[in-house]
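Scroll down for the structure; my scribbles are underneath it.
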Amino acid sequence: MMRRTYVRSMAGWWRRDPVFIRYMAREATALFVVIYAAILLVTVARLAQGETSFNAWMALLAGKTSIALHAILVAAFAYHTYTWFEIMPKTMPPIRIAGRKLAPGVITGVGLAVSAILSVALFALASALPP
Amino acid sequence: MAETRDIAIEVLRYQPQEGAEPYVQSWTVPFTDDMSVLQGLQHIKDFADGSLTFRWSCRMAICGSCGMMVGGVPRLACRTFLRNFMPGPLRIEALAHHPIERDLVVDATDFVEKLARIRPWIVPREERALAQGENLQTPTELERYEQFSHCINCMLCYAACPQYGLDSKFLGPGITALLHRYNEDSRDGARGERMDLVHAQDGVWSCTAVGYCSVVCPKQVDPANAVNLNKTASAVDWFARFLPRRQR
Amino acid sequence: MKRSTQPVFWLLFGAGGMLSATLGAMLVFITGIAIPLGLFLPADLLGYDNMIAFHRHWAGKAFTFAVISLFLWHGAHRIFHSLHDFGVHAGTASVFACYGLALLGTLAAGFALLSIGG
């Protein structure tokens with residue numbers, strides 16, 4: 247007898263489960279990371295062009311639209327940080343301490359704590375930079 | 009006597025006739041708090057519709073036969089309680105990402121073929137005579153693969169993996185976990201051949217770390233970890249092959 | 006069996022992901038919000054003279070280059086796989102659109118930073 251299996255469509259699969267919606271949101275943060283990289287790229291290109299060109303660009307970056315955009319970027323980056331360390335227990339090699347595997351929550355927690363410390367350090371460095 | 013309640017169970021049904029399309033059929037099933045989803049299905053089969061088709065065997069979460077989408081999530085019907093889905097209705101479908109053979113039975117050909125491809129047994133490192141006795145292993149060596157050996161081939165992880173649903177050529181979570189189980193075994197000598205499957209286009213690189221496979225796994229195998237450990241191993245090997253060959 | 010070229014892109018993705026996860030949010034806040042609004046930090050920190058001085062130093066060049074290029078490679082790799090998630094199959098077009106643009110951006114950043122001189 248001929249086999250007649252039924253193959254279900256994958257159309258709109260990400261709407262099927264809240265887990266997939268969160269996954270797609272996580273992947274979407276990549277767009278914002280690229281947008282920020284592009285802003286920085288234009289900044290260094292303008293810097294290389296000279297003072298007039300650079301100052302015109304920086305005036306644009308000081309505008310309301312730019313600040314609103316950066317507020318969105320901060321939120322997207324923060325979500326990226328959270329999801330990056332949330333998945334980490336599944337992506338990194340197991341760490342054993344005294345024969346026991348480190349709990350997933352500990353790995354995520356340490357990752358987030360390190361990010362917080364490095365962020366504070368970066369801010370402190372920025373405050374210390376000007377002559 | 010335990011209290012009996014009613015729950016509506018909706019099943020996505022499919023009979024493989026010419027031009028057939030799946031359809032939803034619903035039954036009201038009386039249940040007690042200790043009844044599993046599998047028992048609910050058995051009640052339908054015994055008292056309402058004997059044509060309802062599903063796989064099951066052990067009823068105790070070890071044979072891996074009764075995997076299905078229960079309330080939209082890949083679960084073993086035998087270890088899921090009906091009481092958790094009150095007030096209902098509870099929707100049941102065949103495992104996602106697999107062709108439906110009939111009702112809740114899927115075509116597992118792809119999984120079985122992949123399983124054979126990874127050589128899921130210990131390929132001895134060297135010839136051993138019976139007189140040499142047991143092939144000993146330390147607890148630390150056991151620890152390296154033990155978790156991955158708990159896989160029961162239930163395919164829930166495949167139903168949780170959108171990458172497998174989008175492209176079934178992907179080796180996928182469960183098979184990679186089993187591959188890793190044998191590769192990490194100190195007695196095994198076939199790592200090299202199995203790694204060729206890992207390095208390939210459809211090996212581990214289709215994985216985008218959704219991580220849902222490990223969430224639905226009924227045996228805490230953590231197949232996502234097996235896939236990602238092999239990404240690291242494959243990435244190291246990608247560069248290491250340009251170095252002068254070391255003695256193994 | 007054909008070996009995948011994904012390991013190279015995956016490692017760049019991972020490096021960019023880690024850098025953006027640890028420093029990204031604060032960096033965006035500093036350059037895009039705090040300094041333009043003069044919150045906590047002086048507005049002239051990103052002024053022309055300061056920025057030129059910062060980028061004349063090799064460490065300044067290295068930092069900005071790492072941020073721009075790794076962020077681009079991180080994003081490119083994720084978007085490449087997201088296209089597949091949306092049903093655009095991985096092919097020459099999506100390789101060029103994602104990894105190609107990341108490469109172009111990396112070269113452009115390197116060129117701009119080198120032309121600032123040291």
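Residue numbers (this note's numbering), protein chains in the order written: chain Z, 247 to 377; chain C, 9 to 256; chain Y, 6 to 123. Cβ atoms here follow ideal geometry from the backbone N, Cα and C, with glycine treated the same way.
Three-state secondary structure (DSSP) of residue i
i                      : result
residue 14 of chain Y  : helix
residue 76 of chain Y  : helix
residue 32 of chain C  : strand
residue 116 of chain Y : helix
residue 252 of chain Z : strand
residue 177 of chain C : coil
residue 151 of chain C : helix
residue 361 of chain Z : helix
residue 256 of chain C : Because the pLDDT of residue 256 of chain C is 44, which lies under 50, any placement of that residue in the model is unreliable, and the question is left without a value.
residue 39 of chain C  : strand
residue 5 of chain C   : Examination of residue 5 of chain C is not possible in this model, given that chain C is present from 9 through 256 alone.
residue 257 of chain Z : coil
residue 132 of chain C : strand
residue 218 of chain C : coil
residue 16 of chain C  : strand
residue 194 of chain C : coil
residue 249 of chain C : coil
residue 44 of chain C  : strand
residue 292 of chain Z : helix
residue 268 of chain Z : helix
residue 21 of chain C  : strand
residue 262 of chain Z : coil
Given residue i as reference, the closest of the options once Cα atoms are compared
i                      : options                    : result
residue 37 of chain Y  : Z/327, Z/306, Z/272        : Z/306
residue 265 of chain Z : C/200, C/169, C/32         : C/169
residue 129 of chain C : C/173, C/193, C/181, C/179 : C/193
residue 363 of chain Z : Y/23, Y/7, Y/6, Y/27       : Y/27
residue 102 of chain Y : Y/83, Y/115, Y/119         : Y/83
residue 28 of chain C  : Z/253, Z/357, Z/365, Z/356 : Z/253
residue 8 of chain Y   : C/202, C/127, C/74, C/25   : C/202
residue 241 of chain C : Z/338, Z/369, Z/372, Z/344 : Z/338
residue 368 of chain Z : Y/61, Y/17, Y/87, Y/34     : Y/34
residue 234 of chain C : C/223, C/186, C/41         : C/186
residue 221 of chain C : C/151, C/173, C/124, C/61  : C/173
residue 259 of chain Z : Y/121, Y/91, Y/113, Y/97   : Y/91
residue 379 of chain Z : Y/25, Y/46, Y/122          : The structure shown does not extend to residue 379 of chain Z, since chain Z is modelled only from 247 through 377, so no value can be given for it.
residue 372 of chain Z : Y/109, Y/32, Y/18, Y/104   : Y/32
residue 100 of chain Y : Y/78, Y/115, Y/116, Y/46   : Y/78
residue 175 of chain C : Y/113, Y/61, Y/94, Y/85    : Y/94
residue 366 of chain Z : Y/45, Y/111, Y/96, Y/6     : Y/45
residue 284 of chain Z : Y/107, Y/121, Y/123        : Y/107
residue 308 of chain C : Z/350, Z/301, Z/375, Z/340 : Past the boundaries of the shown model lies residue 308 of chain C; chain C is included only from 9 to 256, so the question cannot be answered.
residue 229 of chain C : C/195, C/183, C/215, C/64  : C/183
residue 53 of chain C  : C/34, C/66, C/42           : C/34
residue 181 of chain C : C/22, C/224, C/31          : C/224
residue 263 of chain Z : C/189, C/218, C/93, C/249  : C/218
residue 301 of chain C : C/189, C/135, C/141, C/231 : No answer is possible for residue 301 of chain C: the residues shown for chain C start at 9 and end at 256.
residue 374 of chain Z : Y/30, Y/21, Y/55           : Y/55
residue 95 of chain C  : C/36, C/200, C/21          : C/36
Any non-hydrogen atom of the ligand MG within 8 Å of residue i CB
i                      : result
residue 203 of chain C : With respect to the ligand MG, the structure shown offers nothing to examine, as it has no ligands at all.
Check: Just checking, does the stretch 44-55 of chain C make contact with the stretch 78-89 of chain C on the three C-beta pairs under 8 Å criterion?
Finding: yes
Next item on the list: Evaluate the contact criterion for the stretch 96-107 of chain C versus the stretch 138-156 of chain C: three or more CB pairs, one atom per stretch, below 8 Å.
Entry: no
Notebook entry, point to check: Going along the chain, which unbroken runs of the beta strand (DSSP E) with 3 or more residues stay wholly within the stretch 48-129 of chain C?
Noted result: Along the stretch 48-129 of chain C, the beta strand (DSSP E) occurs as fully enclosed runs of 3 or more residues at 75-78, 81-84, 98-101, 108-110, listed in sequence order.
Checklist line | the stretch 7-16 of chain Y / the stretch 67-74 of chain Y touching (three or more Cβ pairs under 8 Å) | finding: no
Notebook entry, point to check: Residue ranges of each beta strand (DSSP E) run of no fewer than 3 residues wholly in the stretch 46-106 of chain Y, ordered along the chain?
Noted result: Within the stretch 46-106 of chain Y, no run of beta strand (DSSP E) reaches 3 residues while sitting entirely inside it.
Check: Between the stretch 208-223 of chain C and the stretch 132-151 of chain C, do three or more beta carbon pairs fall short of 8 Å?
Finding: No: the two stretches stay apart, fewer than three of their Cβ pairs being nearer than 8 Å.
Notebook entry, point to check: Mind listing which residues of the stretch 15-34 of chain Y have their C-beta closer than 8 Å to chain Z's C-betas, in chain order?
Noted result: Contacts with chain Z (Cβ-Cβ distance below 8 Å) from the stretch 15-34 of chain Y involve 21, 22, 23, 25, 26, 27, 28, 29, 30, 31, 32, 33, 34, listed in chain order.
Notebook entry, point to check: If contact means a Cβ-Cβ distance below 9 Å, which residues of the stretch 201-212 of chain C contact chain Y?
Noted result: Under the 9 Å Cβ criterion, the stretch 201-212 of chain C contributes 204, 205, 207, 208, 209, 210, 211, 212.
Margin query: Assess contact between the stretch 124-144 of chain C and the stretch 271-281 of chain Z, defined as three or more Cβ pairs (one per stretch) separated by less than 8 Å. Is contact present?
Written below: No, they do not touch.
Next item on the list: Select from the stretch 262-274 of chain Z all residues with a C-beta closer than 8 Å to any C-beta belonging to chain Y, and list them in chain order.
Entry: Against chain Y - using a Cβ distance shorter than 8 Å - the residues of the stretch 262-274 of chain Z are 270, 273, 274.
Check: Hey, is the stretch 347-366 of chain Z in contact with the stretch 65-83 of chain C, meaning 3+ C-beta pairs nearer than 8 Å?
Finding: Verdict: no, contact absent.
Check: Considering only residues of the stretch 303-367 of chain Z, which uninterrupted alpha helix (DSSP H) runs meet the minimum length of 4 residues and lie entirely inside it, listed in chain order?
Finding: Entirely contained in the stretch 303-367 of chain Z, the alpha helix (DSSP H) runs reaching 4 residues are, in chain order, 310-337.
Notebook entry, point to check: Just by C-beta distance, which residues in the stretch 313-332 of chain Z are closer than 7 Å to chain C?
Noted result: none
Note to self: Any C-beta of chain Y within less than 7 Å: which residues of the stretch 238-256 of chain C qualify?
What the structure shows: 239, 242, 243, 246
Next item on the list: Taking a Cβ distance cut-off of 7 Å, strictly less, list which residues of the stretch 91-104 of chain Y are near chain Z, in chain order.
Entry: none
Notebook entry, point to check: Any residues in the stretch 53-69 of chain C with a beta carbon nearer than 8 Å to a beta carbon of chain Y? Which ones, in chain order?
Noted result: none
Notebook entry, point to check: Going along the stretch 63-85 of chain Y in order, which residues come within less than 7 Å of chain Z, judged by CB to CB distance?
Noted result: 69, 72, 73, 76, 77, 79, 80, 83, 84
Next item on the list: Could you list the residues in the stretch 334-352 of chain Z with a C-beta less than 7 Å from some C-beta on chain Y, going in chain order?
Entry: Those would be none; no residue qualifies.
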